[in-house]
Amino acid sequence: MFFDDPVISSRMLTLLTLSFHIIYATIGVGVPLMIMIAQWVGIKKNDQHYILLARRWARGFVVTVAVGVVTGTAIALQLSLLWPNFMELAGNVIALPLFMEVFAFFFEAIFLGIYLYTWDRFEDQRKHLMLLIPVAIGAAMSAFFITTVNAFMNAPQGFEMVNGELVNVNPLAAMFNPATPTKIAHVISTAFMTSAFVLASIAAFRLVKGSNHDYHKKALFLTMKVGLVFSIATVIIGDFSGKYLAEYQPEKLAAAEWHFETEEHAPLILFGILNEEYETRYAIEIPSALSILAHGNPSREVIGLNEFPEEETPPLFIHYLFDLMVMIGMFMIGLSLFYWIGVKRNWSFIQTKPFRWLLVLGGPLSLLAIEAGWWMTEFGRQPWILRGIMTTSEAATTSDHVGIMFILFAGLYAILGIGTVVILTRMFRHHPVEKELAKQGGGAK
Amino acid sequence: MSLEIIGISVLWTFLFGYVIVASIDFGAGFFNAYSSFTGKKHILTKIIQRYLSPVWEITNVFLVFFFVGIVGFFPKTAFYYGTTLLVPVSIAIILLAIRGSYYAFETYGSKGHRGYAFMYGLSGLFLPASLSVVLTISEGGFITMVDGAPVLDYWALFTSPLTWSIVVLSVTAVLYISAVFLTWYANQAGDKHAANLLRKYALFWSLPTIITAGGIIYELRFHNEAHFEQLMNVGWMFGISFLLFIGTVWLIWKRRHYGIAFGLLVGQFAFAFYGYGISHYPYLLYPHLTIYDGFTNETMAISLIIAFLAGFLLLIPSLYLVLRLFLFDKDYVKGLSETKGGSQNE
Numbered sequence: 004m005f006f007d008d009p010v011i012s013s014r015m016l017t018l019l020t021l022s023f024h025i026i027y028a029t030i031g032v033g034v035p036l037m038i039m040i041a042q043w044v045g046i047k048k049n050d051q052h053y054i055l056l057a058r059r060w061a062r063g064f065v066v067t068v069a070v071g072v073v074t075g076t077a078i079a080l081q082l083s084l085l086w087p088n089f090m091e092l093a094g095n096v097i098a099l100p101l102f103m104e105v106f107a108f109f110f111e112a113i114f115l116g117i118y119l120y121t122w123d124r125f126e127d128q129r130k131h132l133m134l135l136i137p138v139a140i141g142a143a144m145s146a147f148f149i150t151t152v153n154a155f156m157n158a159p160q161g162f163e164m165v166n167g168e169l170v171n172v173n174p175l176a177a178m179f180n181p182a183t184p185t186k187i188a189h190v191i192s193t194a195f196m197t198s199a200f201v202l203a204s205i206a207a208f209r210l211v212k213g214s215n216h217d218y219h220k221k222a223l224f225l226t227m228k229v230g231l232v233f234s235i236a237t238v239i240i241g242d243f244s245g246k247y248l249a250e251y252q253p254e255k256l257a258a259a260e261w262h263f264e265t266e267e268h269a270p271l272i273l274f275g276i277l278n279e280e281y282e283t284r285y286a287i288e289i290p291s292a293l294s295i296l297a298h299g300n301p302s303r304e305v306i307g308l309n310e311f312p313e314e315e316t317p318p319l320f321i322h323y324l325f326d327l328m329v330m331i332g333m334f335m336i337g338l339s340l341f342y343w344i345g346v347k348r349n350w351s352f353i354q355t356k357p358f359r360w361l362l363v364l365g366g367p368l369s370l371l372a373i374e375a376g377w378w379m380t381e382f383g384r385q386p387w388i389l390r391g392i393m394t395t396s397e398a399a400t401t402s403d404h405v406g407i408m409f410i411l412f413a414g415l416y417a418i419l420g421i422g423t424v425v426i427l428t429r430m431f432r433h434h435p436v437e438k439e440l441a442k443q444g445g446g447a448k
Numbered sequence: 006m007s008l009e010i011i012g013i014s015v016l017w018t019f020l021f022g023y024v025i026v027a028s029i030d031f032g033a034g035f036f037n038a039y040s041s042f043t044g045k046k047h048i049l050t051k052i053i054q055r056y057l058s059p060v061w062e063i064t065n066v067f068l069v070f071f072f073v074g075i076v077g078f079f080p081k082t083a084f085y086y087g088t089t090l091l092v093p094v095s096i097a098i099i100l101l102a103i104r105g106s107y108y109a110f111e112t113y114g115s116k117g118h119r120g121y122a123f124m125y126g127l128s129g130l131f132l133p134a135s136l137s138v139v140l141t142i143s144e145g146g147f148i149t150m151v152d153g154a155p156v157l158d159y160w161a162l163f164t165s166p167l168t169w170s171i172v173v174l175s176v177t178a179v180l181y182i183s184a185v186f187l188t189w190y191a192n193q194a195g196d197k198h199a200a201n202l203l204r205k206y207a208l209f210w211s212l213p214t215i216i217t218a219g220g221i222i223y224e225l226r227f228h229n230e231a232h233f234e235q236l237m238n239v240g241w242m243f244g245i246s247f248l249l250f251i252g253t254v255w256l257i258w259k260r261r262h263y264g265i266a267f268g269l270l271v272g273q274f275a276f277a278f279y280g281y282g283i284s285h286y287p288y289l290l291y292p293h294l295t296i297y298d299g300f301t302n303e304t305m306a307i308s309l310i311i312a313f314l315a316g317f318l319l320l321i322p323s324l325y326l327v328l329r330l331f332l333f334d335k336d337y338v339k340g341l342s343e344t345k346g347g348s349q350n351e
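So the protein lines, in turn, are chains G and U.
Quick note: the first sequence uses my numbering, first residue 4, plus one each step.
Quick note: the second sequence uses my numbering, first residue 6, plus one each step.
Written out as structure tokens, the structure is:
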């Protein structure tokens, strides 16, 4: 049983916690911006629909924040519980952003609390909106700080190893390592993109279910527009990420692309399967595209996986995770662009049920892309926890009880996940939009 | 002062902050559940919910600060405590998670569900119990090194009277601190019934708190003599702590100056907590780890302290805003303002 091995069960438990937490973390980073935009549009256009949109999003947001807080606490502690040797070593170099992340979160939590409890305290709505600025900044900053830690694991720097001891530590150099810019940009823009599409999917769902209220149409248009902007940003950043990988972690890019031989005009491989001789079958090959992704030049050489010792290469299944992430990203750009043009040109097709179902699907798909992306980057760093310095198995705990903890946490996350869904549905079913609008006195279209 | 001392003092202060605010929170949850099962719900629930709503996330952050800080300043604690605390701390995480999320679920979702209230109240008693085990382990004698890795002896831990006294103290202290604070808070809100009931709880839990606290000092003599002797060197701190305790109880008994009573209580716990901390010096874990051999490098320590000061300058005004808007805003405390619409029930 794999539960007997502390290394494998520690990896499984971390996988479980992060996969669950990232859903809430992504929403936690992205949704404050969406609330801000809706409230701002509402104030500017003097449109109660947008104000109510902000209000309802905020109300749902608190529930996800609560679960995000507790799962965030879990992962923060599990870092030390499951990876004590890693924290003992890396704590010397990368503790600073971990520490600052707590401040950023604290800042966010305080202002979120104030924002939520002061909806009607201000004569001037704009003052209330101002309270969201620290919330959004705090959320983005905590994503920033925590992502620098992950970046550091991929491209460690800011110290020297002398006889197994860390010397000449430079915490800022460790934070601002080569992986930092692309990783942070990618994490934050995908959080905005995903949150927008998740909210869009709720609005689309209401429309599919027969509502024809302007409120939902406005919500859908707003969120799809924001989603489009950030999905385009994500593609551009993704291109930079490819160039970062080619330069600093060529083995991760090569494994994701099943690129074995170092060669010029390297093709980009989509899908397919590998046979026993490590040959690709049934794949779509785009000539020279990998060279372009890696170096921005179709004739440049891309390092292949054969250049690396076998025990230092990541598992090859990350290829599928990579494809999944990229495909969903592309699909979402196409979908939101199509929708946007459709609205501008009054296409009736975008009002049809099948198309709206596609929009509903967009939210879960975006979340799946987030998961696939994180799985790809984490498995893609294996066997290292700290690339080139410490392997995952060296870092793990020696405790025998990780397996049983896995079962306990799986139960916990199941309860929290189901609880979130039940509470959110119940919350909004008990307070339908129409009734709230009537109460606000803004019910008339 | 050396960097090591600054580091541990900052962390100890955070832990103290957590002990106070979390105790209020844990105890409030328990009294809330207890009152709903004894038919006194209508008296307490309103006052407790009004206090808890805006602060529960802030409470949690104190704890996160402490453990992120301790791994930052003393990375070796990750090795010793990380390996051995897997089970008790995982249980604490699960309880915290149930607590935090169910609180949110109940407040924003379905109101007044008894099952939730019960879980919330019960987790508030188990949490101090599971977290306080860490203090017991730090006294040494429960961890042995096997093949260079620390291993926790569960049997020794759970059969030690010290463990159980610390568990009992943590629970009684939680209920006592919480009752004293809420007495004051209810009194501020002008809710006489709630204040009277909470005053009774406060008096009821005062005696068990001081008795178990004394008992622990006595047991420490047999468990960790070195620590006990150092404890006696700062005996005056415990003396002051005891006098402050008498002061609190007297004021509560006489129904006077509840605010000052709570102030004295914070003083009582501060003297005891720092007295304990100072006498624990220099050990983070008897006898394996001191603050000197577990310390991070100088550059990291200095950057953490700078980050801490910068963060503090940012947080103090924000916290002040929260306190002014909610805890000490007369209208809010009394439930007069119509401000709670947005996020809550309508």
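By construction, the Cβ of each residue, glycine as well, lies at the ideal position given by its N, Cα and C atoms.
Note down, in chain order, each residue of its chain lying with its Cβ closer than 8 Å to the Cβ of G/L338, except the 5 sequence neighbours on either side. Excluding its 5 nearest sequence neighbours in each direction, G/L338 has C-beta neighbours in its own chain below 8 Å: L361, L362 and G365, listed in chain order.
So, do the segment 299-317 of chain G and the segment 336-351 of chain G have three or more beta carbon pairs nearer to each other than 8 Å? Not touching, per the Cβ criterion.
For chain G, is any of its Cβ atoms less than 8 Å away from the one on U/A178? It does not: the Cβ of U/A178 has no partner Cβ on chain G nearer than 8 Å.
Give the list of continuous alpha helix (DSSP H) stretches no shorter than 4 residues that lie fully inside the segment 74-129 of chain G. You should have 87-119.
What three-state label does DSSP hand G/T355 in the structure shown? Coil.
As assigned by DSSP and simplified to three states, the class of G/E439: Judged by DSSP in its simplified three-state form, G/E439 adopts helix.
Would you kindly work out how many angstroms separate the C-alpha atoms of G/L271 and G/T265, rounded to a whole number? In a straight line, the C-alpha of G/L271 is about 13 Å away from that of G/T265.
In whole angstroms, what is the alpha-carbon distance linking G/E267 and G/P301? Taking the straight line from one Cα to the other gives about 8 Å.
Check whether G/Q385 and G/P290 have beta carbons under 8 Å apart: With contacts defined by Cβ atoms closer than 8 Å, G/Q385 and G/P290 do not form a contacting pair.
Cα separation between U/A97 and U/T149? Each residue's Cα considered, the two are about 23 Å apart.
Quick one: is U/Y325 buried, meaning 16 or more other Cβ sit within 10 Å of its Cβ, or exposed? Classification of U/Y325: exposed, given that the 10 Å Cβ count is below 16.
Quick one: is G/H24 near chain U, going by C-beta distance under 8 Å? Proximity of G/H24 to chain U, defined by a Cβ-Cβ separation below 8 Å, is not satisfied.
Tell me, which residues are paired with G/I272 by DSSP? Answer by DSSP bridge pairing, in chain order: G/E288.
Simplified DSSP state of U/Y288, which is helix, strand or coil: If DSSP states are grouped into helix, strand and coil, U/Y288 belongs with the strands.
Under 8 Å, Cβ to Cβ, is there at least one residue of chain G near U/M305? Yes, U/M305 counts as interfacial toward chain G.
Who are U/A154's beta bridge partners in DSSP? Partner(s): U/V151.
Do you know whose CA, among U/I222, U/I182 and U/R329, lies nearest U/Y263's CA? Cα-wise, what sits closest to U/Y263 is U/I182.
Within 10 Å of its beta-carbon, does G/V329 have 16 or more other beta-carbons around it, so buried, or fewer, so exposed? Result: buried.
Relative to the alpha-carbon of U/I222, which residue among U/Y291, U/T168, U/G87 and U/W210 has its alpha-carbon at the smallest distance? U/I222 has its Cα closest to that of U/T168, out of U/Y291, U/T168, U/G87 and U/W210.
In this structure, how does DSSP classify G/V172 when only helix, strand and coil are distinguished? Looking at G/V172 - three-state DSSP - the assignment turns out to be coil, as it is neither helix nor strand.
Is there a Cβ from chain G that is less than 8 Å from the Cβ of U/K81? U/K81 counts as touching chain G.
Quick check on the DSSP output: what are the complete beta strand (DSSP E) runs of length 3 or more inside the segment 357-431 of chain G, in order along the chain? Listed in chain order, the complete beta strand (DSSP E) runs (minimum 3 residues) inside the segment 357-431 of chain G are 387-389.
Taking the beta carbon of G/D7 as the centre, do at least 16 other beta carbons fall within 10 Å, making it buried, or is it exposed? So G/D7 counts as exposed.
G/L99 beta carbon less than 8 Å from that of U/L309: Cβ atoms of U/L309 and G/L99: closer than 8 Å.
Looking at the unbroken alpha helix (DSSP H) that takes in U/M6, where does it start and where does it end? For U/M6, there is no enclosing alpha helix (DSSP H), as DSSP gives it neither H nor E.
Chain U within 8 Å of G/P435, Cβ atoms only: Interface criterion not met: the Cβ of G/P435 is under 8 Å from no Cβ in chain U.
State the Cα-Cα distance for the pair G/F89 and G/A182, rounded to the nearest angstrom. Cα to Cα, G/F89 sits roughly 19 Å from G/A182.
Select from the segment 153-171 of chain U all residues with a C-beta closer than 7 Å to any C-beta belonging to chain G, and list them in chain order. Cβ contacts with chain G: A154.
Around the Cβ of U/K259, are there at least 16 other Cβ atoms within 10 angstroms (buried) or fewer (exposed)? When all chains shown are included, U/K259 counts as exposed.
Quick one, which of U/I13, U/Y190, U/F123 and U/V176 has its alpha-carbon nearest U/R104's? The shortest C-alpha separation from U/R104 is found at U/F123.
Quick check: G/M156 and G/L389, are their CB atoms within less than 8 Å of each other? Taking the C-beta atoms as reference points, G/L389 is found nearer than 8 Å to G/M156.
With a cut-off of 8 Å on the beta carbons, I'd call G/Y218 and G/L427 a contact; round off their distance for me. The beta-carbon separation of G/Y218 and G/L427, rounded to 18 Å, does not stay under the 8 Å limit for a contact.
G/V73 to G/E111, Cα distance in whole Å? Spanning the two alpha carbons is a distance of roughly 15 Å.
Inspect the beta-carbon positions of G/A259 and G/I191 and report whether they are closer than 8 Å. By the CB criterion at 8 Å, G/A259 and G/I191 fall outside the cutoff.
With a 10 Å radius around its C-beta and 16 neighbouring C-beta atoms as the bar for buried, classify G/I421 as buried or exposed. Looking at its Cβ environment, which holds fewer than 16 other Cβ atoms inside 10 Å, G/I421 is exposed.
With distances taken Cα to Cα, identify the nearest neighbour of G/K429 among U/F110, U/T304 and U/Y288. The amino acid occupying residue 429 of chain G in the given sequence is Arg; Lys does not appear at that position. Among U/F110, U/T304 and U/Y288, the Cα nearest to that of G/R429 is on U/F110.
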